[in-house]
Amino acid sequence: MIKETKVNSRKLHMVVLCIIFVVLSACTNSIKENENKVKEKKDENKTTVQDENRIIPTTVAVAHILDALNLDAVAIPTTIYDLPKRYEGLPEVGSPMSPDMEIVKSLNPTEVFSVTTLEADLKKTFDEVGINASYVNLQSIDSMKAAILEIGEKYKRTEEAMKLVTELEGKITAISMKAELNESPKVLILLGIPGSYLVATENSYIGDLVRLAGGQNVMSGQEPEYLPSNTEFLQQSNPDIIIRLAHGLPEQVVEMFNEEFTTNDIWKHFDAVKNGRVYDLDEPLFGTTATLAVPQALEELINIMYP
Numbered sequence: 001m002i003k004e005t006k007v008n009s010r011k012l013h014m015v016v017l018c019i020i021f022v023v024l025s026a027c028t029n030s031i032k033e034n035e036n037k038v039k040e041k042k043d044e045n046k047t048t049v050q051d052e053n054r055i056i057p058t059t060v061a062v063a064h065i066l067d068a069l070n071l072d073a074v075a076i077p078t079t080i081y082d083l084p085k086r087y088e089g090l091p092e093v094g095s096p097m098s099p100d101m102e103i104v105k106s107l108n109p110t111e112v113f114s115v116t117t118l119e120a121d122l123k124k125t126f127d128e129v130g131i132n133a134s135y136v137n138l139q140s141i142d143s144m145k146a147a148i149l150e151i152g153e154k155y156k157r158t159e160e161a162m163k164l165v166t167e168l169e170g171k172i173t174a175i176s177m178k179a180e181l182n183e184s185p186k187v188l189i190l191l192g193i194p195g196s197y198l199v200a201t202e203n204s205y206i207g208d209l210v211r212l213a214g215g216q217n218v219m220s221g222q223e224p225e226y227l228p229s230n231t232e233f234l235q236q237s238n239p240d241i242i243i244r245l246a247h248g249l250p251e252q253v254v255e256m257f258n259e260e261f262t263t264n265d266i267w268k269h270f271d272a273v274k275n276g277r278v279y280d281l282d283e284p285l286f287g288t289t290a291t292l293a294v295p296q297a298l299e300e301l302i303n304i305m306y307p
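Numbering (full-length UniProt numbering), first residue to last: 1 to 307.
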């Protein structure tokens, strides 16, 4: 009788264990199903965002930002510079400074991105054709980081935006530390465009780069990004380094600078010219607006300033 009871007890124990195993398996499967559903929902949300939005970046810098945030576009700017492979084969809408409004409008965009430095020139034209363009602030590195986070939030790319900004900050900090070991030089920055040139202040993007590289801009304390050149005043500031930034047509601008520095005797009295500390910087690495290539640009600038 006792043996029979022990056998029955053992059988009952086995049955209970089987029931527990079945219940646990069901719970595990349910959890996995829920996890898969959550993942599918996230992917579905991202796909929906892509499908619902028809974005047009009209500048190269903005196109690279959108690509880094894993966002599609329906058109690209016309440019000689490289664009992300994601956008290969898309229709072109013209240059950043003069987009073809007819093409832009025909693509039925939900958002058209330009940059704040072109807003004064383009806003009226966009408004006339009924396009409410967005102007991304890339006038400094901090403003670019803020713009990345803003776009990421709007298009459900918050994680991608945070990761991108964090990576940029880490690289910039590491590179900037190299400049801290050197004495801060006085720097004059000239922005050349075909036929003329301006002086860049610390409020310009290139001025921001020079600041991060440890340089003292001789035009500090000025509000505008760029000012007309006054060579007599500039000579009095006597910069250690002169940086010439070619914008638009690089070869033509460099030739213009060379002629100016050769024919205008005042430049011969600058210490930077006497000491051979005049450097030409080209696009796209050194443009008038910030780009995702900031770390590379900063590193090259530091190598120039502290040879």
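Here a beta-carbon is modelled for each residue, glycine too, at the ideal position from N, C-alpha and C.
I'd like to know whether the C-beta atoms of residue i and residue j end up nearer to each other than 8 Å.
| i | j | result |
| --- | --- | --- |
| glutamate 92 | alanine 75 | yes |
| lysine 63 | leucine 83 | The question names lysine, but residue 63 is alanine in the sequence shown. Contact: yes. |
| leucine 191 | leucine 245 | yes |
| serine 106 | tyrosine 135 | no |
| aspartate 240 | proline 295 | no |
| isoleucine 141 | valine 165 | no |
| threonine 116 | serine 95 | no |
| tyrosine 205 | glutamine 139 | yes |
| aspartate 121 | methionine 101 | no |
Take residue i and list the residues in its own chain whose beta-carbon comes closer than 7 Å to its own, dropping the five residues that flank it on each side.
| i | result |
| --- | --- |
| isoleucine 302 | Ile175, Lys178, Ala179 and Ala213 |
| proline 99 | Thr58 and Val93 |
Please work out which residues of its chain come closer than 6 Å, Cβ to Cβ, to residue i, disregarding the five sequence neighbours upstream and downstream, and give them in chain order.
| i | result |
| --- | --- |
| residue 308 | Limits of the chain in this structure are 1 at one end and 307 at the other, which puts residue 308 out of reach. |
| proline 109 | Arg54 and Ile56 |
| valine 23 | Because the pLDDT at valine 23 is just 45, under 50, the model does not fix this residue reliably, and the value given afterwards should be weighed accordingly. Counting only Cβ-Cβ distances below 6 Å, and skipping sequence neighbours, we find nothing. |
| isoleucine 151 | none |
Return the chain-ordered list of same chain residues with a C-beta closer than 8 Å to the C-beta of residue i, the five sequence neighbours on each side being excluded.
| i | result |
| --- | --- |
| histidine 247 | Leu191, Gly192, Ile193, Val253, Glu283, Gly287 and Thr288 |
| aspartate 43 | In this prediction, aspartate 43 scores a pLDDT of 49, lower than 50, which makes its location untrustworthy; the coordinate-derived value is nonetheless stated afterwards. Same-chain partners within the cutoff: there are none. |
| proline 224 | Thr201 and Asn203 |
| methionine 162 | Leu149 and Gly152 |
Out of the options, point me to the one whose CA is closest to residue i's CA.
| i | options | result |
| --- | --- | --- |
| isoleucine 242 | Gly221, Gln216, Thr263 and Glu251 | Gln216 |
| phenylalanine 257 | Asn238, Phe233 and Ser229 | Ser229 |
| arginine 277 | Pro307, Leu285 and Ala120 | Pro307 |
| alanine 146 | Ile65, Val129 and Glu128 | Ile65 |
| threonine 231 | Asp265, Glu255, Arg211 and Gly221 | Asp265 |
Is residue i helix, strand or coil by DSSP?
| i | result |
| --- | --- |
| serine 106 | helix |
| glutamate 111 | strand |
| threonine 28 | Confidence at threonine 28 is low in this model, with a pLDDT of 49, below 50, so the placement of that residue is unreliable and no value is reported for it. |
| arginine 244 | strand |
| glutamine 296 | helix |
Indicate whether at least one CB of chain B lies closer than 8 Å to the CB of residue i.
| i | result |
| --- | --- |
| serine 98 | Protein chain content of the structure displayed is limited to a single chain, and chain B is not contained in it. |
**OP:** Let me know the alpha helix (DSSP H) ranges lying completely inside the stretch 133 to 174, each 4 residues or longer, listed in chain order.
**Re:** Fully enclosed alpha helix (DSSP H) runs of 4 or longer: 141 to 154.
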